[in-house]
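Below is one structure, written out as structure tokens; comments come after it.
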Amino acid sequence: MASEQHLTGESLQSSCPETAPREVLDEPTNEAFTTLDRLASQEPGFAQHLLYKPVPVSVPARVSPYPTFTALPGYVKPLTTHITADDLAYLEINGALTLPSRKCQEQLIWCFFEYVYPLMPIVDLDTFAQALESPGGSPGGISLLLLQAVLFAGSAHIKLEQLRDAGFSTSEEARKVLFRRAQLLYDSGTEADPLVLVQALTLMTLWYESSEQHRNTWHRSKTALSQCYAAGFHMDPSRSSLSLSSNTQKLRRRVWWVCFMRERILSLGMRQPQRLNEVDHSVLLLESSDFESSFQRPKSFQKFCSYANDKTKSGKLAYLCIMMAKLCCCMRPHISIHDASHRKAARSDEFDLFSLLRNKERSAFTDCNEDLLEWRKSLSEPCKTLPLVYSSKNPAKSTLILNEMLLEMTYLAIIATRHRERFISLGHGSGDSLLNRELSKLHMQNAASQISSMTEEIHRCGLDTLLPSMAIGVLMTAASIHRLDPQGITHGEKRRAMRGFRQCMAVVSSLKSIYVASEPAEDSIDWAFLINDTSSSQLLGSHVNTSSHYTDSLDIFNEFLDLGTATSPSCSNSNKTNGEALT
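So for the sequence shown, full-length UniProt numbering puts the first residue at 1; every next one is plus one.
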């Protein structure tokens with residue numbers, strides 16, 4: 001039997017007289033699996049390219065132990081030789097070895113490179129496209145785990161009619177199924193390459209199913225970082241003792257920085273402590289050369305990536321990714337003393353510790369603020385003026401500007417978050433503390449106003465569905481600031497704040513069909529405002545300190561909008577996800 005021969009169920013049964021067709025059994029036996037093991041031992045390449053297709057039966061709850069088999073596409077790398085036939089059958093029964101049609105794959109891959117890859121350049125475009133374009137596929141070109149992860153990542157932006165042609169009824173269903181396939185492949189140990197493991201895990205952080213799950217987005221980010229350190233990705237590849245090609249060095253450098261950026265973005269959105277510091281790695285900052293290809297790409301690559309041969313657009317996207325990496329470097333760990341500010345120091349040593357923490361917090365805030373200002377000054381002028389003009393004849397240009405706006409919105413969200421933390425940590429003091437609190441409040445409101453203005457423009461152009469999941473965290477940050485309505489502001493300010501809130505929530509609502517976390521996030525903010533309004537109504541008729549009320553309101557939002565650890569009562573018993581909103 002030749003190694004490239006494709007087996008079918010009929011050929012398998014004819015080659016095994018002891019497994020001739022029988023009547024359907026009540027319980028499946030291990031006889032078929034034993035036959036698979038025997039065939040796999042005789043033909044080393046057999047098990048790696050099998051796909052299990054259950055034979056339809058007319059009686060429900062009865063299965064046939066005799067499957068039919070087809071081969072995986074030639075561009076898919078064989079699975080590890082350690083996988084058993086039982087594991088192989090389990091993966092196929094659960095759909096992990098199932099791929100959409102070739103047409104659907106191309107559409108999903110195009111969406112990945114168009115909307116996800118620009119800020120997550122974690123795979124090699126040339127290797128990917130070459131394998132898919134080679135006649136009959138390039139043997140061993142693409143890991144099945146990585147391919148499934150890429151298809152999942154691209155599913156957030158594909159048109160619904162294209163998903164329906166592939167058998168999915170909703171975008172939410174497609175994302176869940178495609179993620180589940182990648183997760184099963186990872187959990188079953190089908191891949192041993194540490195680079196592929198890091199790539200797949202990082203792409204899988206784009207999904208957050210439940211805050212109650214142990215292996216959530218934050219866990220997968222941690223696992224990806226652990227794999228990075230184990231494989232030495234935290235060291236600059238140019239200084240490695242290994243003889244790495246130029247393309248491999250570029251890819252390893254991009255992989256590390258994508259993991260770094262993802263960790264910082266997740267820590268911002270999920271309000272988790274940062275794991276990485278600047279001293280934890282020696283990888284040089286990304287440069288434009290890290291995105292350049294030494295390969296002359298054919299025009300056929302454009303069906304996978306619109307800018308495959310567009311050096312102008314690819315150069316601009318590379319610049320945006322570099323600036324996002326620099327922006328994430330500005331997100332230094334913030335030392336919060338908010339909890340300590342509510343406790344009275346019982347001893348002098350506690351008071352000294354409190355003072356020390358406050359001084360460190362001031363220093364960290366000042367350093368972060370200076371870094372953010374320097375980053376803003378270094379941003380190119382086209383990125384500072386962002387007119388979004390949608391053109392159906394040239395949607396590629398609109399998506400480029402959309403990425404520029406997302407970069408600016410992330411910058412504003414960092415400012416709003418930093419000043420929110422500072423506002424709360426300053427407590428109910430007086431003098432300089434009171435002045436600094438008011439300044440932080442103004443910075444928060446200004447950042448939220450700019451975010452809502454850009455959000456309105458995106459919504460007006462109908463580009464909401466092109467936003468990544470991390471945009472929900474940005475929108476919720478701005479919405480929570482807008483909706484806080486401290487007593488004493490003018491009627492005009494209240495109207496502007498309410499308009500900004502509605503602009504942000506309109507986009508969050510439009511993302512429900514893609515990111516199922518949007519609805520629980522919306523419910524959480526509604527519940528937080530209900531509690532806040534109830535608390536405020538109890539204060540009517542009495543003298544209220546505006547800053548104090550604003551601080552108390554922020555406390556409420558910090559509790560309810562921390563979707564990584566809390567949900568509203570209306571969502572606590574639902575099966576909907578609630579953490580993806582801030583990722």
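The beta carbon of each residue, even a glycine, is placed where N, CA and C say it ideally should be.
Given the structure is predicted, the values throughout are model-derived calculations rather than measurements.
Query                                                                                                                         : Result
Classification of N277 by the beta-carbon crowding that lies within 10 angstroms, buried from 16 upward                       : exposed
Those runs of the alpha helix (DSSP H) which lie wholly inside the region 425–492 and span at least 4 residues                : 432–460 and 470–483
Cβ pair count under 8 angstroms reaching 3, the region 91–110 against the region 143–159                                      : yes
Cβ contact (3+ pairs, closer than 8 angstroms) linking the region 82–98 and the region 361–376                                : no
Reference D126; option with closest CA among S300, A230 and A89                                                               : S300
Cβ-based neighbour list, A318, same chain, cut-off 6 angstroms, excluding 5 preceding and 5 following                         : S288 and F291
CB-CB length for L266 against W207, believed under 8 angstroms                                                                : Not quite, the Cβ-Cβ distance comes to about 12 angstroms (not below 8 angstroms), so this is no contact.
Range covered by the alpha helix (DSSP H) that runs through A325                                                              : K311 to C329
Neighbourhood of M235 by C-beta distance below 8 angstroms, restricted to the same chain and skipping five residues each side : H281, S282 and V283
Inter-residue CB distance, M444 and A479 (contact presumed, cutoff 8 angstroms)                                               : M444 to A479, Cβ: 12 angstroms. No contact.
CB of M120 within 9 angstroms of CB of R262, strictly                                                                         : yes
Proximity below 9 angstroms, CB of L406 to CB of A325                                                                         : no
C-alpha distance - I88 paired with P73, whole-angstrom precision                                                              : Residue identity differs from the one stated: residue 88 is Leu in this sequence, not Ile. Going by the C-alpha atoms only, they are around 16 angstroms apart.
Bridge partner(s) assigned by DSSP for V76                                                                                    : I142
Supposed contact pair L268 and Q227 - C-beta distance, whole angstroms, cut 8 angstroms                                       : Not quite, the Cβ-Cβ distance comes to about 22 angstroms (not below 8 angstroms), so this is no contact.
Residue-chain proximity (D367, chain C), Cβ-Cβ < 9 angstroms                                                                  : In summary, chain C is missing from the structure at hand, where a single protein chain is found.
Neighbourhood of T81 by C-beta distance below 6 angstroms, restricted to the same chain and skipping five residues each side  : none
M120 in three-state terms, based on DSSP                                                                                      : coil
Cβ shell of W110 (< 8 angstroms), same chain only, five flanking positions each side left out                                 : G154, K303, F304, C305 and S306
Element boundaries [alpha helix (DSSP H), containing residue 594]                                                             : Nothing can be reported for residue 594, as the shown portion of the chain is limited to 1 through 583.
C-beta atoms of S101 and D165 nearer than 9 angstroms                                                                         : yes
Own chain residues within Cβ distance below 6 angstroms of S314, not counting five before or after                            : Y307
Closest by C-alpha distance to K512, when choosing among L466, K494 and S449                                                  : L466
Reduced DSSP secondary structure (H/G/I, E/B, other) of residue 593                                                           : In the structure as shown, the chain begins at 1 and stops at 583. Residue 593 is therefore absent and cannot be evaluated.
Straight-line Cα distance separating A506 from P468                                                                           : 16 angstroms
Buried versus exposed call for P298 [16 or more other C-beta atoms within 10 Å across all chains shown]                       : exposed
E308 - DSSP class collapsed to helix/strand/coil                                                                              : The sequence given here has Ala at residue 308, not Glu. Coil, per DSSP.
Residue(s) in a DSSP beta bridge with A182                                                                                    : Partner(s): none; A182 has no beta bridge.
From Q183, D193, A230 and C368, residue whose alpha carbon lies closest to that of A215                                       : For clarity, residue 215 is Arg in the given sequence; the question names Ala instead. Here the closest residue by C-alpha is Q183.
Euclidean distance between Cα positions of Y75 and L439                                                                       : 58 angstroms
Q272 beta carbon near the ligand ATP (any heavy atom closer than 8 angstroms)                                                 : With respect to the ligand ATP, the structure offers nothing, as it holds no ligand at all.
Residue from N446, M270 and R422 with nearest C-alpha to L435                                                                 : R422
Buried/exposed call for D26, threshold 16 Cβ in 10 Å                                                                          : The pLDDT assigned to D26 is 41, lower than 50, so where the model puts this residue is not dependable, and the model offers no usable value.
Environment of V327 [buried if 16+ CB atoms lie within 10 Å]                                                                  : Here the sequence assigns Leu to residue 327, which means Val is not the residue at that position. With 16 or more other Cβ atoms within 10 Å, it is buried.
Reduced DSSP secondary structure (H/G/I, E/B, other) of W110                                                                  : helix
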